[in-house]
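Numbering (the UniProt record's numbering), first residue to last: 1 to 194. We put the CB at the ideal spot given by N, CA and C, even for glycine. Keep in mind the model is a prediction, meaning the values are calculated, not measured.
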């Protein structure tokens with residue numbers, strides 16, 4: 001247990017504790033690991049206590065290779081992250097990735113409408129990212145000439161998500177802590193920051 005590891009680290013005045021099984025290194029516990037567990041007790045972990053990991057794969061030529069290597073490495077979620085998720089290429093990629101790796105959570109986006117949310121779910125997305133150009137550094141709305149206010153997008157997409165029993169992530173438009181509350185109150189299941 002972590003309590004036992006902490007006692008050993010303190011008893012021997014060391015900072016790293018190798019975990020060895022039958023002569024093979026299986027892991028390493030550090031003082032920082034213990035501090036992080038105490039500081040962030042609600043972090044997202046799998047059944048073995050490991051942090052959940054997601055990785056963006058996009059829709060490039062090497063997407064299949066990248067996705068395969070990430071799945072082999074133990075990724076928990078693949079993210080198809082694009083500026084406009086309600087497009088033919090993205091929907092085809094979502095369908096292909098979900099068929100190829102059905103065991104992995106697939107997050108796709110970004111969209112700003114209920115129609116886009118529905119299309120991504122029907123293509124195979126487990127979670128949809130919502131928000132086109134709401135961030136302070138994002139120029140998508142200006143360049144594309146289209147967009148939906150973030151609170152409206154989150155509300156509309158969350159309404160669609162409920163019909164499918166799935167989740168959305170509000171991505172962008174967060175400037176103040178109160179904006180997080182607004183995104184969650186509008187139906188977001190999670191909020192993406194930074």
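Please classify residue 24: does DSSP put it in a helix, a strand, or coil?
Numbered from its first residue, the chain shown carries residue 24 at position 24. Residue 24: strand per DSSP, three-state reduction.
Please state whether DSSP places residue 200 in a helix, a strand or coil.
The question about residue 200 has no answer here: the residues shown for the chain are numbered 1 through 194.
Determine the DSSP secondary structure at residue 85, reduced to helix, strand or coil.
Numbered from its first residue, the chain shown carries residue 85 at position 85. Correct three-state label for residue 85: coil.
What residue ranges within the region 147 to 174 form continuous beta strand (DSSP E) runs of no fewer than 3 residues, ordered along the chain?
167 to 171
If we count the other Cβ atoms within 10 Å of its Cβ and call it buried at 16 or more, is residue 142 buried or exposed?
Looking up residue 142 in the chain shown gives position 142. Exposed, since its Cβ has fewer than 16 Cβ neighbours within 10 Å.
Measure the Cβ-Cβ separation of residue 97 and residue 130 and say whether it is below 9 Å.
Walking along the chain shown from the start, residue 97 turns up at place 97. Walking along the chain shown from the start, residue 130 turns up at place 130. No, the Cβ-Cβ distance between residue 97 and residue 130 is not below 9 Å.
Presumed contact (8 Å Cβ cut-off) between residue 108 and residue 90, rounded CB distance
In the chain shown, residue 108 corresponds to position 108, counting from 1. In the chain shown, residue 90 corresponds to position 90, counting from 1. Right, their Cβ atoms sit about 7 Å apart.
Expressed to the nearest angstrom, what Euclidean distance is found between the alpha-carbon atoms of residue 17 and residue 56?
Mapped onto the chain shown, residue 17 falls at position 17. Mapped onto the chain shown, residue 56 falls at position 56. Near 32 Å, if we compare the C-alpha coordinates of residue 56 and residue 17.
Is residue 157 closer than 9 Å to residue 123 when the C-beta atoms are compared?
Translated into positions along the chain shown, residue 123 becomes position 123. Translated into positions along the chain shown, residue 157 becomes position 157. Contact flag unset, no.
Give every residue of the same chain whose Cβ lies closer than 6 Å to the Cβ of residue 79, excluding the five residues on either side of it in the sequence, and list them in chain order.
As a first step, residue 79 must be located in the chain shown, where it is residue number 79. Closer than 6 Å at the Cβ level, and outside the excluded window around residue 79, lie 54, 56, 107.
First and last residue of the uninterrupted beta strand (DSSP E) at residue 109
In the chain shown, counting from the first residue as 1, residue 109 sits at position 109. Start and end: 105 to 111.
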